[in-house]
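To keep things clear, I will list the structure first and then write my remarks on it.
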Amino acid sequence: MEKKSFTFDEIKMKLVNYCVYQDRCHAEVEQKMREFLLIEEAKEEIILYLLKENYLNEERFTRSYIRGKFYIKHWGKNKIKMNLKQKQISEKLINMCFDEIYEDDYVKTITRIYEDYFSKQTGLKEYQRKSKTIKYLMSRGFEYEKINDIFE
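Just so you know, we're using the working numbering here: the sequence shown kicks off at 24 and counts up by one.
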């Protein structure tokens, strides 16, 4: 099957729609551009256009990603940070945007997940239930120190 060819403007509009549908980061847009046979100059021109028109905004992407992964998926900061780094978002930007998560929401989420998971661990000694629950929270990206502070 041969690839359908698009004009420069068609490709540009496809990428605008890609960004409008959901906030994207540079890496995702560049990945999407690989579907089209574009020369470097054309890619740069599209990226610049998307930035200039605010379709592509790395800070907005990072903020909405953090909100979604915490408030909807209930991921901890470590997991969120790791996934954003895979999307080539700078650590400085990630840390700056973590103010999207309210500290008391973070503590409440850790507490709720801890209690839910802990209560499901049956037939184990208390310390085994506790260590299994802490491991589970850490696998969701919550920081050991934070978990420990809450349950000291």
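Idealized CB from N, CA, C, for every residue including glycine.
Residue i - containing alpha helix (DSSP H), residue span
{"i": "T85", "result": "81 to 90"}
{"i": "Y125", "result": "Where Y125 is concerned, there is no enclosing alpha helix (DSSP H), given that its DSSP letter is neither H nor E."}
{"i": "N118", "result": "114 to 120"}
{"i": "F59", "result": "Element bounds for F59: n/a, residue is neither H nor E."}
{"i": "Y78", "result": "Where Y78 is concerned, there is no enclosing alpha helix (DSSP H), given that its DSSP letter is neither H nor E."}
{"i": "T156", "result": "149 to 162"}
{"i": "C42", "result": "31 to 44"}
{"i": "Q109", "result": "100 to 109"}
Option nearest residue i by Cα separation, candidates the options
{"i": "G164", "options": "R135, K100, F84", "result": "K100"}
{"i": "N40", "options": "N77, L60, N106, M161", "result": "N77"}
{"i": "I95", "options": "L107, D128, F29", "result": "D128"}
Whether residue i touches residue j by CB criterion (8 Å)
{"i": "T85", "j": "I112", "result": "yes"}
{"i": "I136", "j": "H97", "result": "yes"}
{"i": "K35", "j": "Y88", "result": "no"}
{"i": "E81", "j": "C48", "result": "yes"}
{"i": "Y140", "j": "Y167", "result": "no"}
{"i": "K55", "j": "L79", "result": "no"}
{"i": "A65", "j": "F31", "result": "yes"}
Own chain, CB closer than 8 Å to residue i, minus 5 neighbours either side, in chain order
{"i": "R152", "result": "F141, Q144"}
{"i": "T132", "result": "F93, H97"}
{"i": "K108", "result": "E114, I117"}
{"i": "D46", "result": "N80, R83, F84, S87, Y88"}
Contacts around residue i, its chain only, beta-carbon distance under 6 Å, and the 5 residues preceding and following it disregarded
{"i": "I70", "result": "none"}
{"i": "K102", "result": "G164"}
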